[in-house]
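K.L.:
In the order they appear, the protein sequences are chains A and B. Take the first sequence: its letter number 182 is residue 1266 in the working numbering, and every next letter is one higher. Take the second sequence: its letter number 285 is residue 1369 in the working numbering, and every next letter is one higher.
There are 2 protein chains.
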Amino acid sequence: MASTSPAGTAAGLVDLLTARLGTSGVLTDPDVMAAYSRDRLPLAPSGTPLAVALPSSTEEVQDVVRTCADAGVPVVPRGAGSGLCGGANALDGCVVLALTRMNRIVEVDAANRVAVVEPGVINADLRQAVSAHDLFYPPDPASYDFCTLGGNLATNAGGLCCVKYGVTSDSVLGLDVVLADGSLLRTGRRTVKGVAGYDLTKLFVGSEGTLGVITRATLALRPLPQAPGTLVASFPDTADAGTAVTRIVGEGLVPSLMEIMDATTVRAVERHLGTDLGSGDGGGTLLLCQSDAGGEAASRELAALERVCDESGAALVHATTDPAEGGLLMQARRSVHPAIESMGAQHMIDDVCVPRTRIAELIDGCARISEEVGLRIVVNGHAGDGNMHPTVIYDGDDEFARARTAFDAICELGLSLGGTVSGEHGIGKFKQDLLARELGPVGLRVHRDIRRALDPHGVFNPGSMFE
Amino acid sequence: MASTSPAGTAAGLVDLLTARLGTSGVLTDPDVMAAYSRDRLPLAPSGTPLAVALPSSTEEVQDVVRTCADAGVPVVPRGAGSGLCGGANALDGCVVLALTRMNRIVEVDAANRVAVVEPGVINADLRQAVSAHDLFYPPDPASYDFCTLGGNLATNAGGLCCVKYGVTSDSVLGLDVVLADGSLLRTGRRTVKGVAGYDLTKLFVGSEGTLGVITRATLALRPLPQAPGTLVASFPDTADAGTAVTRIVGEGLVPSLMEIMDATTVRAVERHLGTDLGSGDGGGTLLLCQSDAGGEAASRELAALERVCDESGAALVHATTDPAEGGLLMQARRSVHPAIESMGAQHMIDDVCVPRTRIAELIDGCARISEEVGLRIVVNGHAGDGNMHPTVIYDGDDEFARARTAFDAICELGLSLGGTVSGEHGIGKFKQDLLARELGPVGLRVHRDIRRALDPHGVFNPGSMFE
């Protein structure tokens, strides 16, 4: 991109942005900017931005984008920085566009089960706000208490809800998007159904800040489910846990949550929480399920899950409709990340998704890769949709290269099992090569063509996702 | 498009196609071609094709597309021609690419709840095939017993299932698509979750044959629901029926079907079937609901629906779990189209979708429009998702202009109520102006940019959807 405008110098650009957003809306202090320069994946490259812009309105976003486009300066949009693919990481000399100030829940239309939000709203804040209307916004990434909806939209975030309620894009009806020339595009609609024109809404969801800046979203809500019943099953053998998952899917059961943790994960959680999850009783791989169907339907669903786990070789199965006990079991799942962190070393969280019948093969394959590279790999994830998070534990620069080898080998394994290199975290600035492998040359060409059509001068997040 | 190749003459092109597809794969008889030249909307313009190509494989589709692209001849893809927007209507001098021979169900992977199909498979055939595995393919457009899945994908077809199970795009995991240069694009994946790259799958679904030719689809299946219980409620006043719909949505009820018929529709169906649907007992607007939750959950759901209808002013409410009785009530809904046809005149089926709280206003507005233009308008549709099909009854060329005025006025009314000009039928060659209104200039520009990026020489269905 050529610098041809009065904003061609760095100082000139900052002045222009400050004139538009005010001094509080433009950050240039290096220490402050550092906090806006990367997400929670410590591995992807990140640069030093020219400035961080904090717009308060769609019009200010348009101003920032136009100013940067004129100056030939790339724009990297971001929310809370909870991402795990480096997608929001700064580029040298870019303007980071942080949407955190645009945090209004504009509207909750309970009668039509629709909410309109700005991108800086925290996921948990929306969940809380709509629950007052007995409504439910399903997407629940692990970071739901601090991640923003804008980031969820940019990465098409998932979570624990997906087995029954789908991913973010399944809850999006329409978007306001600022395009690379600063113009404002409105996609989709407020109605739950509609086919007028291309589905641009779902093109922008998951585009990781490479096609435009989402400044408003119309979201579909669901009735608040019943309080869930919970079941935990411990399997001595990973293959048996895999069989249970296959049979649960095959028998037409749709639990509202179905998580799996391999034996290494279970032991880490047991140590972290000081609790017993069955690994001492011959158990190993843990399956955690919930049913939010309510009443007799939930009892029937839990009983069916219990039967399948028993028949598949579980050493221990326990079901409960007591919310406190269910909460404790869920705490075990929610403690996986801190438990891994307490293992004392660094880690790389992978994010492959495989057909649900292949989960046991993935876990076994990760054990093989672990032996080959000589690093521990803990495997856990969303068994209900096949989205697994094998996590490579490593220590310092010495082991980084081997960890990366393992990380990539896990993605290759996922592809070889008919899966994808990203179930929910995205590509960002760390998995570009793997994306190119998955897409193939025609797929990559079409991606480039679409990106060029929408952003011909490469304003948004250049080099992220794909070159 | 310029004709520069040896296929530049019509005869040359037919020879080239015949060399590739064989004589049985290329039709040129004018009478035979006429059957492939339009869909079931009699109003949209249609031309005379140069030839109809009937490929049997993806490779043959690629051959046809390359040959036509070289010759500068547009390609209009089509399935069974059940569409209602003229999207599959031929252009003068085009090649109609009929996918009906590619009708294999390639695979049903019951363990992963996935089917892989060719585009020419009849919707009902897939439903039947997967039901043998206790699985369910939800999309059920009115034409499900003769429409093809390729057409369903091209239009993002809906049906009666959408209130609970969504539209076609909600059941699609991945596609094989032949692009305008003949290359083969694979989108999406087999896993139920995945965010690697842009969501190209959903960009092609609903693109009405303007971006590529879908030659294979990987579809997500669901567990077969329980046999449904059925409820019918008759309301003297349309507004009361609207209130019932609003309250059903507002109370968090999710029936598996919720259809509405205004008094004119009910009387037409009563005449057609020789049955009594309550219009003689002070009833008028009919609401038809089902619950497929099964067992006690279904009973609870039906009881809640009954209570809401009673409280909203229904003159008559009747619920049944008897499948035969439920089937008779569903027959009334399925008879709406033949009943309208038996009214003896021509008709234009509109397809607006409005927020579910605005359905009564739409019905009342249609009554106003009916008075203004002096033509009968019957209103019925999918109350559960707000997708309504006001149908203008007219007779001969004399009344056509007034019918078109009413048709457009209904779309304007839908837009003014916060809705869309197409809930499920599409834009095709009849609603381009209305699409442009709904998209606005920026939206239209982005549509053009994307289409140009994928089909720079305008091979696919030029002029359809938008110029």
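Think of the CB as a built atom: it goes at the ideal place given N, C-alpha and C, for glycine as much as any other residue.
If you follow the beta strand (DSSP E) that Y1478(A) is in, where does it begin and where does it stop?
P.N.:
Your numbering for residue 1478(A) matches position 394 in the first sequence. Its beta strand (DSSP E) spans residues 1475 to 1478.
K.L.:
Taking DSSP as the reference, what is the three-state secondary structure of G1411(B)?
P.N.:
Working through the second sequence from its first residue, we reach residue 1411(B) at position 327. The answer is helix: DSSP assigns G1411(B) an H, G or I state.
K.L.:
Would the stretch 1293 to 1304 of chain A and the stretch 1150 to 1165 of chain A be scored as touching if the rule is three or more Cβ pairs under 8 Å?
P.N.:
The answer is yes - the stretch 1150 to 1165 of chain A touches the stretch 1293 to 1304 of chain A, with three or more Cβ pairs under 8 Å.
K.L.:
Quick one: does S1121(A) have its CB under 7 Å from some CB of chain B?
P.N.:
Against the first sequence, residue 1121(A) aligns to sequence position 37. So, not an interface residue.
K.L.:
Just to confirm my understanding: we take S1375(B), look at its own chain, exclude 5 residues before and 5 after, and list those with CB closer than 7 Å. What are they?
P.N.:
Residue 1375(B) sits at position 291 when you count from the first residue of the second sequence. For S1375(B), where only same-chain residues beyond five positions count, the Cβ hits under 7 Å are P1312, G1313, P1339, S1340, A1382, E1385, L1386.
K.L.:
Can you tell me whether Q1212(B) is buried or exposed? The criterion is at least 16 other CB atoms within 10 Å of its CB, across all chains shown.
P.N.:
Residue mapping note: residue 1212(B) aligns to position 128 of the second sequence, counting from 1. Q1212(B) comes out exposed.
K.L.:
Report yes or no: do three or more beta-carbon pairs, one from the stretch 1269 to 1289 of chain B and one from the stretch 1497 to 1514 of chain A, lie closer than 8 Å?
P.N.:
The stretch 1269 to 1289 of chain B, when compared against the stretch 1497 to 1514 of chain A, does touch it at the 8 Å Cβ threshold.
K.L.:
Mapping DSSP to helix, strand and coil, what is H1402(B)?
P.N.:
Position 318 of the second sequence, counted from the first residue, corresponds to residue 1402(B). Strand.
K.L.:
Which residues in chain A sit within 9 Å of A1352(B), going by Cβ to Cβ distance?
P.N.:
Within the second sequence, the letter at position 268 stands for residue 1352(B). Correct list: empty, because the minimum Cβ distance to chain A is about 25 Å.
K.L.:
In the structure shown, what three-state DSSP assignment does C1450(A) receive?
P.N.:
Along the first sequence, one-based indexing puts residue 1450(A) at 366. Helix.
K.L.:
Tell me, to the nearest whole angstrom, how far the beta carbon of L1519(B) is from that of F1544(B); I am working on the premise that it is less than 8 Å.
P.N.:
The sequence position of residue 1519(B) within the second sequence is 435, counting from 1. The sequence position of residue 1544(B) within the second sequence is 460, counting from 1. Contact doesn't hold; Cβ gap of about 17 Å is too wide.
K.L.:
Just checking my contact of R1270(B) with G1524(A) at CB under 8 Å: how many whole Å lie between their CB atoms?
P.N.:
On the second sequence, residue 1270(B) is found 186 positions in, with the first residue counted as 1. On the first sequence, residue 1524(A) is found 440 positions in, with the first residue counted as 1. Right, the Cβ-Cβ distance comes to about 7 Å (below 8 Å), so this counts as a contact.
K.L.:
Between the stretch 1135 to 1142 of chain B and the stretch 1184 to 1196 of chain B, do at least 3 Cβ pairs fall closer than 8 Å?
P.N.:
Segments in contact, yes.
K.L.:
Which residues, in chain order, does the stretch 1269 to 1292 of chain B contribute to contact with chain A at a C-beta distance below 8 Å?
P.N.:
Residues passing the 8 Å Cβ filter: L1269, R1270, T1271, R1273, R1274, T1275, V1276, K1277, G1278, V1279, A1280, G1281, Y1282, D1283, L1284, K1286, L1287, V1289, G1290, S1291.
K.L.:
Alpha carbon to alpha carbon, what distance is there between C1245(B) and A1264(A)?
P.N.:
Taking the first sequence and counting its residues from 1, one reaches residue 1264(A) at position 180. Taking the second sequence and counting its residues from 1, one reaches residue 1245(B) at position 161. Rounded to whole angstroms, A1264(A) to C1245(B) spans 39 Å at the Cα level.
K.L.:
Mind checking S1548(B): buried by the 16 CB within 10 Å criterion, or exposed?
P.N.:
Taking the first residue of the second sequence as position 1, residue 1548(B) is located at position 464. S1548(B) should be labelled buried.
K.L.:
With a threshold of 16 other CB atoms inside 10 Å of the CB of R1532(B), please say whether the residue is buried or exposed.
P.N.:
Residue numbering aside, residue 1532(B) sits at position 448 when the second sequence is read from its first letter. Exposed, by the Cβ-count rule.
K.L.:
How should T1330(B) be labelled, buried or exposed, when 16 other C-beta atoms within 10 angstroms of its C-beta is the threshold for buried?
P.N.:
By 1-based counting over the second sequence, the position of residue 1330(B) is 246. With 16 or more Cβ atoms within 10 Å of its Cβ, T1330(B) is classed as buried.
K.L.:
Compare the C-beta of C1437(A) with all C-beta atoms of chain B and state if any pair is closer than 7 Å.
P.N.:
Mapped onto the first sequence, residue 1437(A) falls at position 353. True, the Cβ-Cβ gap to chain B drops below 7 Å.
K.L.:
Residues of chain A with CB closer than 7 Å to the CB of P1307(B), please, in chain order.
P.N.:
Counting from one through the second sequence, the residue named residue 1307(B) turns up at place 223. The contacting residues are G1336, V1338.
K.L.:
Does the separation of the CB atoms of F1288(B) and L1259(B) fall below 7 Å?
P.N.:
Here residue 1288(B) is taken as the residue at index 204 of the second sequence, counted from 1. Here residue 1259(B) is taken as the residue at index 175 of the second sequence, counted from 1. Yes, Cβ-Cβ distance for F1288(B) and L1259(B) is below 7 Å.
K.L.:
If you draw a straight line from the alpha carbon of E1335(B) to that of C1393(B), how long is it in whole angstroms?
P.N.:
Residue 1335(B) sits at position 251 when you count from the first residue of the second sequence. Residue 1393(B) sits at position 309 when you count from the first residue of the second sequence. Those two C-alpha atoms are separated by around 12 Å.
K.L.:
Are the CB atoms of A1135(B) and F1514(B) nearer to each other than 7 Å?
P.N.:
Here residue 1135(B) refers to the residue found at position 51 of the second sequence. Here residue 1514(B) refers to the residue found at position 430 of the second sequence. Their beta carbons are not under 7 Å apart, which means A1135(B) does not touch F1514(B) by this criterion.
K.L.:
Under three-state DSSP, which class holds M1085(A)?
P.N.:
For this step, residue 1085(A) is matched to residue 1 along the first sequence. Note that M1085(A) has pLDDT 44, beneath the 50 cutoff, so the model's placement of it is unreliable and the number below is only indicative. The answer is coil: DSSP assigns M1085(A) none of H, G, I, E or B.
K.L.:
Can you give me the C-alpha to C-alpha distance between G1204(A) and V1247(A), rounded to a whole angstrom?
P.N.:
The residue given as residue 1204(A) occupies position 120 in the first sequence. The residue given as residue 1247(A) occupies position 163 in the first sequence. Roughly 26 Å between the two C-alpha positions.
K.L.:
Please tell me whether I1534(A) has its Cβ less than 7 Å away from any Cβ of chain B.
P.N.:
If you number the first sequence from 1, residue 1534(A) lands on position 450. Interface residue, yes.
K.L.:
Rounded to whole angstroms, what is the Cα-Cα separation between T1088(B) and G1465(A)?
P.N.:
Here residue 1088(B) is taken as the residue at index 4 of the second sequence, counted from 1. Here residue 1465(A) is taken as the residue at index 381 of the first sequence, counted from 1. Because the pLDDT at T1088(B) is just 44, under 50, the model does not fix this residue reliably, and the value given afterwards should be weighed accordingly. Those two C-alpha atoms are separated by around 56 Å.
K.L.:
Under DSSP, the beta strand (DSSP E) around M1342(B) begins and ends at which residues?
P.N.:
As a working mapping, residue 1342(B) is identified with position 258 in the second sequence. From DSSP, the beta strand (DSSP E) with M1342(B) extends over 1341 to 1345.
K.L.:
Determine, for N1240(A), whether the minimum Cβ-Cβ distance to residues of chain B falls below 7 Å.
P.N.:
For this step, residue 1240(A) is matched to residue 156 along the first sequence. Yes - at least one Cβ of chain B is within 7 Å of the one on N1240(A).
K.L.:
Return yes when at least one heavy atom of the ligand SAH lies under 6 Å from the C-beta of A1304(A), else no.
P.N.:
This structure does not include the ligand SAH; it has no bound ligands of any sort.
K.L.:
Just mark P1320(B) as buried or exposed, buried being the case when its beta carbon has 16 or more other beta carbons within 10 Å.
P.N.:
Counting from one through the second sequence, the residue named residue 1320(B) turns up at place 236. The residue is buried, with at least 16 neighbouring Cβ atoms inside 10 Å.
K.L.:
Mind listing the chain B neighbours of C1231(A)? Cutoff is C-beta to C-beta under 9 Å, in chain order.
P.N.:
The count along the first sequence starts at 1 and reaches residue 1231(A) at position 147. Chain B residues near C1231(A): none, gap ~15 Å exceeds 9 Å.
K.L.:
In whole angstroms, give me the CA-to-CA distance for F1491(A) and S1454(A).
P.N.:
In the first sequence, the residue the question calls residue 1491(A) occupies position 407. In the first sequence, the residue the question calls residue 1454(A) occupies position 370. C-alpha separation (whole angstroms): 10 Å.
K.L.:
Can you tell me where the beta strand (DSSP E) holding Q1430(B) begins and where it ends?
P.N.:
Numbered from its first residue, the second sequence carries residue 1430(B) at position 346. Element bounds for Q1430(B): 1430 to 1433.
K.L.:
Examine chain A for any beta-carbon lying closer than 7 Å to the beta-carbon of E1522(B), and answer yes or no.
P.N.:
Numbered from 1 along the second sequence, position 438 holds the residue referred to as residue 1522(B). By this cut-off, E1522(B) is an interface position.
K.L.:
Where E1202(B) and A1094(B) are concerned, what is the direct C-alpha to C-alpha distance, given to the nearest angstrom?
P.N.:
Translated into positions along the second sequence, residue 1202(B) becomes position 118. Translated into positions along the second sequence, residue 1094(B) becomes position 10. Those two C-alpha atoms are separated by around 29 Å.
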